[in-house]
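Report on the following structure.
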Amino acid sequence: MSNTSPRPAFGSAVYYRDPFAALDWLEKAFGFTRQQFYGDRVYVACDPEGHVWSFGETVREVTREEAQVASGLKIDGWI
């Protein structure tokens, strides 16, 4: 029987005893970053219906100059 659904036919999940150690490993192994150069921690997920959800929190206030140095970009319009 063929799968005609646009949704994946298989999904997976991983549970960690120490999620912070897992995040440390992911950062080292794949270059993931927990915090963005502009001071926020961001998570984006796609639900089963295909809606994209974005969650974030500010973990530290960053000046435009700090963000430019951290990103290597020239930033205009910083509030």
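Counting from 1 along the sequence shown, just add 36 to a position and that's the residue number in the numbering used here.
We put the CB at the ideal spot given by N, CA and C, even for glycine.
Reference residue i; option with closest CA among the options
i: T94; options: V88, R77 and E102; result: R77
i: S90; options: G67, L109 and Y79; result: Y79
For residue j and residue i, the rounded distance between their alpha carbons
i: E115; j: T99; result: Here the sequence assigns Ile to residue 115, which means Glu is not the residue at that position. Spanning the two alpha carbons is a distance of roughly 9 Å.
i: H87; j: E102; result: 33 Å
i: G92; j: T69; result: 13 Å
i: K17; j: A57; result: Since the first residue of the chain shown is 37 and the last is 115, residue 17 is not available in this structure.
i: L62; j: C82; result: 20 Å
i: L109; j: G67; result: 19 Å
i: Y51; j: E85; result: 23 Å
First through last residue of the beta strand (DSSP E) which encompasses residue i
i: R77; result: D76 to C82
i: E93; result: V88 to T94
Residue i and residue j closer than 7 Å at C-beta
i: G75; j: R53; result: no
i: F73; j: A49; result: no
is_contact[residue i, chain B] using C-beta, thresh 7 Å
i: S48; result: Absent from the structure: chain B. Only one protein chain is present.
N- and C-terminal bounds of the alpha helix (DSSP H) containing residue i
i: S107; result: R100 to S107
i: P42; result: Segment: none, P42 is in no alpha helix (DSSP H) and carries neither H nor E.
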